[in-house]
Amino acid sequence: MTIKQLLMSILSPIGVPVYPLHNEKNEDTYITFLEYDQRSALNANNEEIKTRYFVQVNIFTKGNFDELSKQVKDILKANGFTRTSEYENYEKDTSYFHKALRFNITK
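Going by our numbering, 78 is the number at position 67 of the sequence shown; the sequence numbering is gapless.
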């Protein structure tokens, strides 16, 4: 299973539309995600045994994102992801509140 497939399977049950990278639909609330880095986490005999994936999950909403942010953090942590950082923003041009959450996982 790829990291994108893993994220889709974990995030989809939240009940908000989830998209890799970008959403072109006009929805009040949705989630996107991207892989921003990938590196070797464990090597043996010149072979990569484990890989660490670094991902960003973006929540876009016209309303409050606090509860949805908590759900995303809880479900990713329950599935072995470690949160590394987060930030929030308001995008004036689209009127979306944007919460970005960064995580990593070793597989």
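Glycine included, every Cβ here is placed at the ideal spot set by N, Cα and C. This one's a predicted model, so the numbers in the text were calculated from it and none came from an experiment.
Taking the C-alpha atoms as reference points, what is the distance between P31 and N56?
The residue labelled residue 31 in the question sits at position 20 within the sequence shown. The residue labelled residue 56 in the question sits at position 45 within the sequence shown. Rounded to whole angstroms, P31 to N56 spans 34 Å at the Cα level.
First and last residue of the uninterrupted beta strand (DSSP E) at K119:
Residue 119 is absent from the model: the chain starts at 12 and stops at 118.
In three-state terms, what does DSSP make of D104?
To locate residue 104, count along the sequence shown from 1; it is residue 93. Note: D104 maps to coil in three-state DSSP.
Since H33 and F71 should fall inside the 8 Å C-beta cutoff, what is the C-beta to C-beta distance between them, to a whole number of angstroms?
Residue mapping note: residue 33 aligns to position 22 of the sequence shown, counting from 1. Residue mapping note: residue 71 aligns to position 60 of the sequence shown, counting from 1. With 8 Å as the limit, H33 and F71 do not qualify as a contact, their Cβ atoms being about 11 Å apart.
Should L53 and I60 be called a contact, given that it needs their Cβ atoms to be closer than 8 Å?
As a first step, residue 53 is located in the sequence shown; it is residue number 42 there, counting from the start. As a first step, residue 60 is located in the sequence shown; it is residue number 49 there, counting from the start. For L53 and I60, yes; Cβs fall inside 8 Å.
Backbone secondary structure at V83 - three-state DSSP
Within the sequence shown, residue 83 is the residue found at index 72, counting from 1. Residue state, collapsed to three classes: helix.
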